[in-house]
Structures are given as C-alpha cells and as structure tokens.
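Reviewing the structure listed below.
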Amino acid sequence: MITRSIARRPLATARGLIAVSARSLHATTPILDDKDKPVATEAEKAATKGFLGSLFYGSEHARAEGDIQLLEKKQHSKTVGRGKYVHEKITHAVIPGHRDAYLEAAEAYFTTLAKESYNLGNVKLCGSWETIVGAVGNFTHILEHEGYKGYDETRLLVSKNETLQKHLNAMLPHIQTRQHQLMSEFVFLPMSPPRDSGYPDGGVFEMRTYQLQPGKLLEWESAWRRGVEARLRFVQPVGGFFGQVGQLHEVHHIWQYPDMATRQSARGKAWTIGGWADTVQQTSRLTQTMKTTIMVPTSWSPLR
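With the UniProt record's numbering, the residue at position 55 of the sequence shown is 55, and numbering never jumps.
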C-alpha cells in the first residue's frame with residue numbers, strides 16, 4: 001500500500017501541472033494601464049539593445065576586432081608589397097619534341113606583345129626563360145601590368161587583337177599545360193628593368209620558390225629582408241615577388257649569375273656574412289616547401 005501511494009504521487013503532481021498549464025494557455029491576459037506598466041530603466045534598455053544588437057549584428061567588441069583584422073589584411077600586402085605594378089608569371093609546359101616549334105611561335109607572340117605595348121594597356125615583357133634544371137621543358141614569362149586596372153585592360157585588348165590571337169593559336173598546340181599567377185613585388189626587391197648583363201648567352205637565372213605556411217608572409221618577409229643584404233653583395237638580383245592571385249602563400253625571388261660555378265661561389269660567400277645563417281634558420285621554420293629552378297634567357301628576353 002505504501003509503495004502504491006508513493007508511486008501515484010508523481011503522476012498526480014504531473015496531472016496538476018498539466019491542468020494549470022492548460023488553464024494558463026486559455027486565460028485572458030489582463031490589460032495593464034500605462035501607469036501600471038513596469039518602466040524599464042535606461043540601464044535595462046541599454047542592456048536589451050546591446051543583447052539584441054549582439055544577437056543580430058555581433059557585439060561591438062567582436063565587430064571592432066573584425067574591423068581591425070580586416071584593416072590588418074588590407075595593410076598586409078601594402079606593408080610588404082610595392083603596390084605600383086602587378087606582375088603576371090606565365091608558365092608553359094611544352095610537349096617533348098615541340099621545343100623548336102614552340103620557341104618560334106612564342107617569339108612571335110611575345111615580341112608582338114612588347115612592340116604593341118602602347119596599344120595593349122602599356123603591358124611590358126620583363127623576361128622570358130627556358131628551364132634547364134628543374135621542370136625541364138618549362139618556359140617562364142613575366143609580364144608587368146600597371147596595376148589590376150592595367151591587367152584588365154590588357155586582357156581585353158589582347159583577346160581582340162587578331163595578330164596576337166593568330167600567334168597564340170600557333171603556340172597552343174605545342175603546350176601541355178599553362179599556369180598564370182598574379183604577383184606583387186617586394187618593396188625592397190623590385191623587378192629589374194631590361195638590361196644586358198654581357199654574360200655569355202645571358203648567363204643563368206635562378207628562381208627560388210617557397211611555399212609558406214598560411215599567414216606567415218609578413219614574418220617571413222621581415223626575417224628575409226634583414227638578411228638578404230648578405231646575398232646582394234655577391235649576386236645581381238632580378239626581383240622578388242609574392243603570389244596574390246593563383247597560388248597563394250608562395251614567394252619567388254630571381255637572381256642572375258654568369259654561370260653555375262659563380263653561383264656556387266657566391267652562395268658560399270654569403271654564409272661568411274654575419275646574420276645570413278640566422279635568416280636561413282628563421283625563414284626555414286616558416287616554409288612548407290622550397291625549390292630552385294635554373295633558367296636561361298630566350299633570344300628575345302629583355303633581361304639577359
């Protein structure tokens with residue numbers, strides 16, 4: 001009997017609650033006169049406004065943090081980049097056995113592009129190179145645009161230029177793959193203007209490429225800039241860039257040597273300069289992968 005009595009109590013209590021709830025649902029809410037309505041204090045109004053504002057728009061603190069982060073992102077490329085030009089790195093992987101035919105068609109295309117620069121948004125050909133160590137069969141071309149506005153203008157004008165389209169169509173059958181990357185120059189290592197070094201056949205160019213950890217560009221640039229003076233004492237720089245559109249978190253810097261023996265000697269001498277070892281150590285921990293590509297200039301390259 002005692003057990004049954006205890007077991008029934010929760011059920012009875014639940015029934016009572018249900019009954020009360022049902023009555024509450026059908027009850028008429030009393031209408032209060034304005035004088036009877038509770039008046040919210042200014043603090044309560046502010047708290048409610050703050051809560052609803054945070055709910056729909058995010059808290060002021062969070063929005064402020066977001067604005068700061070957005071500002072930092074806007075300033076990031078301005079901090080490390082020169083910002084005056086946009087450089088387009090074009091990589092063509094040529095079909096084996098098609099090298100000579102490709103060179104003939106590519107020369108016609110890029111020399112026409114350079115000659116018609118004024119009518120094509122003032123685009124400039126910085127250099128054209130063939131890879132001899134690395135991805136052999138690749139050709140690299142770097143164009144300089146007057147900002148993204150210049151890039152847009154050139155792209156549209158080239159697409160409507162019948163001569164260039166004819167040369168492009170002659171070049172395409174010899175190419176396996178094409179890659180385009182838009183880059184910005186580092187402030188302290190801008191792209192070199194056209195020059196003839198006087199080296200036999202234009203010497204050799206080394207392009208070093210680093211895939212950085214995401215978000216580490218500013219730190220990498222700061223460390224590398226402090227130590228790069230050691231390299232500049234022994235080698236002629238061509239330019240330093242970081243990817244902005246296409247492959248991101250990628251850095252390239254290009255150097256010119258008379259030959260590979262001179263390259264080896266110059267790199268060895270850089271290690272004798274104080275600070276270079278620290279630079280290598282600091283930048284290495286910020287890097288995921290790296291590679292070096294040895295290139296030679298084509299006969300029509302403005303940089304030789």
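Backbone N, C-alpha and C fix where the C-beta goes; we use that ideal spot for every residue, glycine too.
Worksheet entry | Residue environment, G202, which counts as buried when at least 16 other CB atoms sit within 10 Å | buried
Worksheet item: Does the beta-carbon of Q181 have 16 or more other beta-carbons within 10 angstroms, so that it is buried, or is it exposed?
Response: buried
Discussion item. Given this structure, state the Cα-to-Cα distance separating L71 from L218, to the nearest angstrom.
Written reply: Because the pLDDT of L71 is 40, which lies under 50, any placement of that residue in the model is unreliable, and the question is left without a value.
Worksheet item: A62 by DSSP, collapsed to three states: which one?
Response: Residue confidence for A62 is low, a pLDDT of 36 falling below 50, so the modelled location carries little weight; the figure read from the coordinates is stated next. Helix, per DSSP.
Worksheet item: Using the rule of at least 16 other Cβ atoms within 10 Å of the residue's Cβ for burial, across every protein chain shown, is Q256 buried or exposed?
Response: buried
Discussion item. Classify T292: buried if its beta carbon has 16 or more other beta carbons within 10 angstroms, exposed otherwise.
Written reply: exposed
Item to complete: Could you pull the start and end residues of the alpha helix (DSSP H) that G147 belongs to?
Response: 147 to 160
Fill in: Pairwise C-alpha distance: T154 and Q288
Whole-angstrom Cα-Cα distance: 34 Å.
Discussion item. Suppose contacts are defined by Cβ-Cβ distances below 8 Å. Is K89 in contact with M183 by that definition?
Written reply: yes
Discussion item. By the three-class DSSP mapping on this structure, what secondary structure does K84 have?
Written reply: coil
Worksheet item: How about L113: is its C-beta nearer than 8 Å to some C-beta of chain B?
Response: You won't find chain B in this structure, because it holds only one protein chain.
Discussion item. What does DSSP give as the partner residue(s) for V245 in the beta ladder?
Written reply: Beta-bridge pairing by DSSP links V245 to L182.
Practice prompt. Note the first and the last residue of the continuous alpha helix (DSSP H) segment covering F110.
Written response: 99 to 115
Worksheet item: Is it buried or exposed for W271, if we count other Cβ within 10 angstroms and need 16 for buried?
Response: exposed
Worksheet item: Where do the ends of the beta strand (DSSP E) carrying Q288 lie?
Response: 287 to 297
Practice prompt. Could you check if T140 is buried or exposed, using at least 16 other CB atoms within 10 Å of its CB as the buried criterion?
Written response: Taking all protein chains shown into account, T140 has 16 or more neighbouring C-beta atoms within 10 Å of its C-beta and is therefore buried.
Worksheet entry | Counted within 10 angstroms of its Cβ, other Cβ atoms place G243 as buried (16 or more) or exposed | buried
Worksheet item: Roughly how many angstroms lie between the CA atoms of D278 and W224, to the nearest whole one?
Response: 10 Å
Worksheet item: Going along the chain, which residues of its own chain have a beta-carbon closer than 8 Å to the beta-carbon of H167, five neighbours each way excluded?
Response: A105, A108, Y109, T112
Discussion item. Determine whether the beta carbon atoms of G275 and R226 lie at a separation below 8 Å.
Written reply: yes
Fill in: Backbone secondary structure at T29 - three-state DSSP
Unreliable positioning characterises T29 in this predicted model, as indicated by a pLDDT of 43, which lies under 50. A coordinate reading is not provided.
Worksheet entry | Q176 beta carbon less than 8 Å from that of I95 | A Cβ-Cβ contact shorter than 8 Å links I95 with Q176.
Worksheet item: Quick one: is V133 buried, meaning 16 or more other Cβ sit within 10 Å of its Cβ, or exposed?
Response: exposed
Worksheet item: In three-state terms, what does DSSP make of W129?
Response: strand
Worksheet entry | CB contact flag (P194, P302, <8 Å) | yes
Worksheet item: So, helix, strand or coil for G274, using DSSP?
Response: coil
Discussion item. Using a Cβ-Cβ cutoff of less than 6 Å, which residues in the same chain neighbour E146 once the five nearest sequence positions on both sides are dropped?
Written reply: N122
Worksheet item: When burial is assigned at 16 or more other CB atoms within 10 Å of the CB, is Y151 buried or exposed?
Response: buried
Worksheet item: Quick one: what does DSSP say A93 is sitting in, helix, strand or coil?
Response: strand
Worksheet item: Tell me which same chain residues have a C-beta within less than 6 Å of the C-beta of P297, skipping the five on either side of it?
Response: W129, G202, R304.
Fill in: DSSP-derived helix/strand/coil call for N169
helix
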